[in-house]
Every structure is written in structure tokens, then in C-alpha cells.
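Below is one structure, written out as C-alpha cells; comments come after it.
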Amino acid sequence: MTLKRMGGNVLSDLKALSPDLVRHLARSIHLTPVFAQVLSTTLLLPIKKHTITNMSSPTVVLVTGANSGIGYEIVKSFYEAPKSYHIIMTSRSLENGTKAMEKIKSEVPSSSNTLQVVQMDLTSDESINAAFATVQSTNQRIDALINNAGATFDIQYSAGEVSLRDCFNRAYDVNVTGTTIATHTFMPLLLRSADPRLLFLAGLSQITEAAKSYFPTPPQPAGWPKPPVGFETIGYRCSKTALNMLMLDWNHKLRADGVRVWAVGPGMLATNLGGNPELVAALNLPHPRKGGRVMRAVVEGERDGDAGQVISYDGRMPL
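Sequential numbering of the sequence shown, starting at 7, is according to this note's numbering.
Spelled out as C-alpha cells, the structure:
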């Protein structure tokens, strides 16, 4: 059987092959555009949701919460990469997302990569569905979905600005519920990639370490109520621990689809998470570009051996 034949015989021959071999051919052979279209529409889609991607087309990466902080640096890291990328930036505010996009372009004027801004609020199903419709109308697939968007309300609770219930519920709404709804919604596009990757942003979420000795807040004296600790994190940390289970569940669900899944812990970086820039400055944290670089390294295959795990810059992290 030769792949040079373009008539009915080659399709009959291919249909006689095992599904695994067909998928191998689809991923391994540089196909002409015409044959790729025939093969994907006739064979691959009924067998598996992955489709053929043109070898010269850019890798499509979607980053949630991309207008500031680590999300901004993730986008910038891909935009300045020598490899070809199309980066989709989501932001609760279209205006803020557009400003961030223009800033990245001005900071990396020599880049030949492309950017796209899409409005998406993780606390709104309507907004998530609208974002998917926009992305689907302009992109045939997503190769990497990076769930970066997150929120903490612990500092506002400590300042008396929100109730304890709202502190926890709002963190879970963004970091867990909204994140998994967005992942569900965009999954059809991710499964069209020949090399799909799903990343979650981990943070302060390791139960094993917390059970030993490490805690980001100081010991508390006896008595009630406890004094303020200055940098409370418990609502955020609980939601991020739940996100680790979410990652493990997606890794289990998508194993047969060939999707690589990670939770990536960039550590505490100098972002505006929590809305207290003075406190962040006092902590003297590393620049968030560090987080952008590790996310790109994962997408580019440097941590494939750690798929299905919570990882940091130099290894796996305990759950």
C-alpha cells in the first residue's frame, strides 16, 4: 500500500488498518494538505477526536487570566519564543486584555508570533460559552490550554472587606468551579490537536508538606480570637488543593485521548494576586517571568516524563 495514491483504493487500504496504526500514520507522516483533509474527515475523526495539523502551522496556546501577573508573563514567554505560536489571551475585561496585548507587542517588537484577546469571566457560564464561540470561530484547534486564572480573597477577609463565607466561596468559584467548566467547554478544540496539553497553575497546595512542618503563616498563640497574621492564605490554599485533585481527575479522564496533563507550581511570585501590592513588595518575591518560562518549557515537551503530576521548576512536588 502506498500513500501516493489519492483515489478510493488508498482509503480502503487505510480503513483496513488498525486504529492505532492509522493514528500513528496521521502523527508521523508529513501529509499533503489535500490528503490530510481527506484522512482527517474520513478516518481519524470517527476513530479519535485528534485531527491532522499542518506541520508548518503555529502551535495554538490559550492562556486564561492573561492580562497581568503570571498569565501576562506566560503569554509574553510564548510570544518571544523562536518557535511559531498563536496565543489566545483571555481576560475578564476586554479592555485590559487589549492593553496587555499591545504592551507585549511593544516589549517584543521583533516577534513574528500572533496574539488574540478574548473576554472571559470564569464566574459566568454565559461568558465562558461566548468565549468558546469566539475562539472556535477563528481557530480549528487548541494545542495547549493553560488554566492560569485564579483569585484569592483572604486578604480582603482579613481587612473586613468580605465575609469568611464569601472568601472561600469566591475562591472556589474561580479557582475550581470556573476552571473546570472552562476546561469542559474548550475540550472539543483541545482534542483536535495532534499533541494536546492541559496545564493547571498550582500554588501553596501541598497537603504533605503542610502536614510535616511548612506553613506560610507563623504559629498562633493560645486563645480566641486569633490575632491577624498579615498574610492569610487558607481560602486560596484550600481551593488550590482542590485544583490538584481536578488535575488528577482530568489526567484520568483523558488518558485514552493522549492528552498530557500537569499542575505546575511556579512558587510565590510578585503578582497582584490578592490586591495588596504593598505587601507583595515587602515580601521581595521573584518576578513572575519565572512562571512564564516554566509553563512554556512544559508545553514544549521538557517535562513530558512528569505528566500527571504536580511539578515545579526542578522536579515533582508532593500532593
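From the three backbone atoms N, C-alpha and C, an ideal C-beta is built for every residue, glycine too. Because the structure is a prediction, the values reported are computed rather than measured.
Top-ranked residue by Cα proximity to residue i, from the options
i	options	result
Asn-250	Leu-207, Lys-232 and Gly-264	Leu-207
Ser-130	Arg-266, Ala-188, Ile-161 and Tyr-91	Ala-188
Val-66	Glu-113, Leu-196 and Lys-105	Leu-196
Ile-134	Gly-241, Arg-261 and Thr-185	Thr-185
Thr-144	Ile-94, Ile-161, Trp-268 and Lys-105	Ile-94
Glu-113	Gln-146, Gln-142 and Tyr-85	Tyr-85
Leu-151	Glu-308, Trp-256, Asp-320 and Lys-296	Trp-256
Ile-240	Leu-204, Ala-177, Lys-259 and Met-301	Ala-177
Tyr-91	Asp-320, Gln-315, Arg-309 and Arg-302	Arg-302
Leu-205	Ile-80, Ser-62, Ser-74 and Gly-75	Ile-80
Ala-87	Lys-111, Asn-73, Ala-72 and Gly-75	Lys-111
Arg-295	Gln-125, Ser-62 and Lys-82	Lys-82
Ser-5	Lys-89, Arg-243, Lys-109 and Gln-142	The first residue shown for the chain is 7 and the last is 325, placing residue 5 beyond what the model contains.
Ser-245	Gly-156, Ser-318, His-258 and Arg-322	Gly-156
Leu-128	Arg-309, Ala-72 and Lys-259	Ala-72
Distance cut-off 8 angstroms: residue i Cβ against heavy atoms of the ligand FAD
i	result
Val-168	The ligand content of the structure shown is nil, which means the ligand FAD is not present either.
Host beta strand (DSSP E) of residue i (start-end)
i	result
Asn-153	150-153
Leu-204	203-207
Trp-268	266-270
8 angstroms contact criterion, which residue i and residue j should meet: CB distance rounded
i	j	result
Trp-268	Ala-313	6 angstroms
Thr-96	Thr-70	5 angstroms
Glu-238	Ile-161	7 angstroms
Val-270	Val-304	6 angstroms
Residue i versus residue j - alpha carbon distance
i	j	result
Gln-146	Pro-64	12 angstroms
Trp-230	Phe-159	22 angstroms
Thr-247	Asn-181	10 angstroms
Gly-78	Val-123	The residue you asked about is not Gly; residue 78 is Tyr in the sequence shown. The alpha-carbon atoms of Tyr-78 and Val-123 are separated by roughly 12 angstroms.
Ala-228	Pro-234	13 angstroms
Ala-106	Gly-311	33 angstroms
Ser-99	Pro-202	27 angstroms
Leu-170	Met-253	26 angstroms
Thr-104	Thr-140	15 angstroms
Glu-132	Gly-298	29 angstroms
Ala-165	Gly-236	10 angstroms
Ile-148	Tyr-163	37 angstroms
Gly-75	Gln-226	31 angstroms
Thr-191	Phe-138	7 angstroms
Gln-315	Asn-153	15 angstroms
Gln-326	Asp-179	In the structure as shown, the chain starts at 7 and stops at 325, and residue 326 therefore has no counterpart that could be examined.
Leu-51	Thr-223	Legend: pLDDT at Leu-51 = 40, less than 50; position of this residue unreliable, value from coordinates given subsequently. In a straight line, the C-alpha of Leu-51 is about 51 angstroms away from that of Thr-223.
Ala-262	Gly-307	19 angstroms
Asn-116	Leu-68	Here residue 116 turns out to be Ser, not Asn, going by the sequence shown. Roughly 21 angstroms separates the two Cα atoms.
Phe-221	Ser-62	47 angstroms
Ala-136	Met-126	8 angstroms
Pro-194	Asp-172	33 angstroms
Arg-243	Gly-209	7 angstroms
Tyr-319	Pro-272	7 angstroms
Val-168	Lys-232	18 angstroms
Arg-322	Lys-109	34 angstroms
Residue interval of the alpha helix (DSSP H) (run including residue i)
i	result
Val-304	295-305
Ala-177	170-178
Ala-188	185-196
Trp-256	240-259
Asp-312	Where Asp-312 is concerned, there is no enclosing alpha helix (DSSP H), given that its DSSP letter is neither H nor E.
Ser-199	Per DSSP, Ser-199 belongs to no alpha helix (DSSP H) and is neither H nor E.
Asp-160	160-164
Within-9 angstroms CB hit, residue i to chain D
i	result
Pro-234	No chain D appears in the structure shown, which is made up of a single protein chain.
Practice task
Could you pull out every unbroken alpha helix (DSSP H) segment of at least 4 residues lying fully inside the segment 55-142, listed in chain order?
Solution key: 75-85 and 100-113
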